[in-house]
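K.L.:
Handing you this structure, nothing more for now.
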Amino acid sequence: MVGMTTLAIIGAGSGLGAATARRFAKEGFSVALIARNRQRVDALAAELAAEGVTAQGFTANVRDRASLIAALDEATTALGPIEVLQYSPLPQKEFLRPVLETTPDDALAAIEFSVLGPIAAVHHVLQGMRVLGRGTVLFVNGGTAVRPRSDFAGTTISFAGQSAYGQALHEQLAPENVHVGQLIIPGGIEQGHAEKDPTVLAEKLWGIHSGRDGFRTFAADMDA
Ligand SMILES: NC(=O)c1ccc[n+]([C@@H]2O[C@H](COP(=O)([O-])OP(=O)(O)OC[C@H]3O[C@@H](n4cnc5c(N)ncnc54)[C@H](OP(=O)(O)O)[C@@H]3O)[C@@H](O)[C@H]2O)c1
């Protein structure tokens, strides 16, 4: 067996986070579950461990870059080098507000969440991926990353930045065998949905990682 490497999920909850953890664990990955709430990440890690997954919880707030970097360091020490980084924290409700009510401070919060957090995380894990000789960065976004919505101003503005950052990274890192991909989930994650159930989405994320194809993948039709 190839040495154990780690999937780090930034924004790991009981929905998509848990499903992706299970999918990558089947392929031999250890899983670092990163979110703000200690009890929730520990409970999720225990639930996964009971299924045979090597998982551990770490706490960070993506809007606090120092905490994010510390969590990534702890994860690497505890579980092994990070080969796959998934950035998928669920955006705060305040980011889903009308554009004319959005102040610079509101926009800044969304940009901290969706642009500065990813840049900090990628900068921090990239050298480790280079040492491994391979890596994958997975961004997960809603449809506003593709099509602006005037009533979801925070995510509209900041997902555009994250998409542009990801696309630029994709081009820059492909020659180094670091694949950068984005999964767009139009509408919402829906249990039992043929395309948008967390298990189906996790399979898509595995496919993006293993297929190492283009930058953007749609989980479902934008107009469906
Ligand atoms: N849910 C949907 O309907 C939907 C629709 C379209 C796209 N998406 C995308 O799907 C992903 C989320 O999937 P999910 O809804 O199934 O979520 P999930 O994996 O069940 O949980 C996401 C986790 O993000 C964590 N989080 C939120 N704010 C954070 C912060 N500031 N710092 C660190 N962690 C934070 C939360 O934990 P703590 O509270 O403990 O921090 C939460 O448990 C996101 O990329 C989102 O853009 C979701």
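Residue numbering for the sequence shown follows our numbering, beginning at 23 and increasing consecutively. The beta carbon of each residue, even a glycine, is placed where N, CA and C say it ideally should be. Just so we're clear, the structure is a prediction, and the values are computed from it rather than from any experiment.
1) Out of Thr178, Lys226, Val162, which has the shortest C-alpha to C-alpha gap to Ala129?
2) Taking 6 Å as the cut-off, is the C-beta of Ile248 nearer than that to any heavy atom in ligand 1?
3) Could you please give the first and the last residue of the uninterrupted alpha helix (DSSP H) stretch that includes Val200?
4) In chain order, what residues of the same chain lie with their CB nearer than 6 Å to the CB of Val24, ignoring the 5 residues before and after it?
5) Leu118 by DSSP, collapsed to three states: which one?
6) In the region 32-100, which residue ranges form an unbroken beta strand (DSSP E) of at least 3 residues, counting only runs that do not cross its ends?
7) Using a Cβ-based criterion (distance less than 6 Å to any ligand heavy atom), does Pro111 qualify as near ligand 1?
8) Verify whether the separation of the beta carbon atoms of Ala77 and Ala67 is less than 7 Å.
9) Label Lys115 either buried or exposed according to how many other C-beta atoms from any shown protein chain fall within 10 Å of its C-beta, with 16 as the threshold for buried.
10) Does the distance between the C-beta of Val106 and the nearest non-hydrogen atom of ligand 1 fall short of 6 Å?
11) Does the separation of the CB atoms of Thr158 and Val106 fall below 7 Å?
12) Considering only DSSP beta bridges, list what Ile104 is partnered with.
13) Does at least one heavy atom of ligand 1 sit under 6 Å from the Cβ of Arg85?
14) When you compare the CB positions of Ala191 and Ala241, do they come within less than 7 Å of one another, or not?
15) Can you tell me the Cα-Cα spacing of Gly150 and Ser136, whole angstroms?
16) Please find out if some non-hydrogen atom of ligand 1 comes closer than 6 Å to the beta-carbon of Val162.
17) Can you name the start and end residues of the alpha helix (DSSP H) that Val222 belongs to?
18) Give the secondary structure of Thr124 by DSSP, where H, G and I count as helix, E and B as strand, and everything else as coil.
19) Looking at Ala175: is its Cβ nearer than 7 Å to the Cβ of Val121?
20) According to the Cβ coordinates, are Gly278 and Val202 closer than 7 Å?
21) Measuring only the C-alpha atoms, how far is Ala57 from Ala34?
P.N.:
On the basis of the coordinates in this document:
1) Thr178
2) Past the edges of the chain, shown from 23 to 246, lies residue 248, and the structure says nothing about it.
3) Not the alpha helix (DSSP H): Val200 falls in the beta strand (DSSP E), residues 200-207.
4) Low confidence applies here, because Val24 scores a pLDDT of 49, under 50, leaving its location unreliable and the question unanswered by this model.
5) coil
6) 52-57, 77-81
7) yes
8) yes
9) exposed
10) no
11) yes
12) Thr28
13) yes
14) A small fix is needed here, since residue 191 is Leu in this sequence, not Ala. The answer is no: Cβ separation not under 7 Å.
15) 22 Å
16) yes
17) 220-233
18) coil
19) yes
20) The first residue shown for the chain is 23 and the last is 246, placing residue 278 beyond what the model contains.
21) 6 Å
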